[in-house]
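Peer 1: For the sequence shown, the residue numbers in the UniProt record's numbering are 1 to 107. Just so it is clear, CB atoms sit at the ideal spot from N, CA and C, and this is done for glycine as well. Remember, predicted model here, so these are calculated numbers, not experimental data.
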Amino acid sequence: MKRYHMFGGDNYESNGGWNEHLRSSDSLQELTDSVKYDIYDADAEIAKIKNTKGVSEKDKEKWITDRERMRGMATNFSVGGTIYDWIEIIDLETEEPVWQSWRLGEG
Numbered sequence: 001m002k003r004y005h006m007f008g009g010d011n012y013e014s015n016g017g018w019n020e021h022l023r024s025s026d027s028l029q030e031l032t033d034s035v036k037y038d039i040y041d042a043d044a045e046i047a048k049i050k051n052t053k054g055v056s057e058k059d060k061e062k063w064i065t066d067r068e069r070m071r072g073m074a075t076n077f078s079v080g081g082t083i084y085d086w087i088e089i090i091d092l093e094t095e096e097p098v099w100q101s102w103r104l105g106e107g
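See below:
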């Protein structure tokens, strides 16, 4: 029987982003179902950028391009009410990631 570990991380952690072990299960589906998330609202973020004062048009264009790349991606991953920058589930048998949060928003 396979066994999976779920980890949550924060990109701002001093240890390079690795964070805590969240839970383990024999069911990959159980772990993925336990992750809640929002869909990134690119339009709202772009509107904020366009209304930002004191920023060059060139910088605004660059920021808008960055936000467009994130359109439709999942964000604010939470497990048990705690928000993480990313979630990763590892197959203990192969020690390979089988599910990564940032893949949710990819087409």
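Beta-carbon separation of residue 58 and residue 50 under 8 Å?
Peer 2: In this structure, residue 50 does not lie closer than 8 Å to residue 58 by Cβ.
Peer 1: Count the other CB atoms within 10 Å of the CB of residue 90; is the residue buried (16 or more) or exposed (fewer)?
Peer 2: Buried, since its Cβ has 16 or more Cβ neighbours within 10 Å.
Peer 1: Give a yes or no on whether the C-beta atoms belonging to residue 87 and residue 35 are separated by under 8 Å.
Peer 2: Cβ atoms of residue 87 and residue 35: closer than 8 Å.
Peer 1: Please give the ranges of any alpha helix (DSSP H) in the region 1-55, keeping only runs that are unbroken, at least 4 residues long and fully inside the region.
Peer 2: Listed in chain order, the complete alpha helix (DSSP H) runs (minimum 4 residues) inside the region 1-55 are 28-33 and 42-50.
Peer 1: Evaluate residue 107 with the Cβ neighbour count: other Cβ atoms within 10 Å of its Cβ, from every protein chain shown; 16 or more gives buried, anything less gives exposed.
Peer 2: Caution is warranted here: a pLDDT of 33 is assigned to residue 107, below 50, making its placement in the model unreliable, and the coordinate value is therefore given only provisionally. With fewer than 16 Cβ atoms within 10 Å of its Cβ, residue 107 is classed as exposed.
Peer 1: Once the 5 residues before and after residue 25 are set aside, which same chain residues still bring their CB inside 7 Å of it?
Peer 2: For residue 25, where only same-chain residues beyond five positions count, the Cβ hits under 7 Å are 4 and 31.
Peer 1: Taking the C-alpha atoms as reference points, what is the distance between residue 94 and residue 21?
Peer 2: If you take the alpha carbons of residue 94 and residue 21, they lie about 18 Å apart.
Peer 1: Expressed to the nearest angstrom, what Euclidean distance is found between the alpha-carbon atoms of residue 7 and residue 62?
Peer 2: Each residue's Cα considered, the two are about 32 Å apart.
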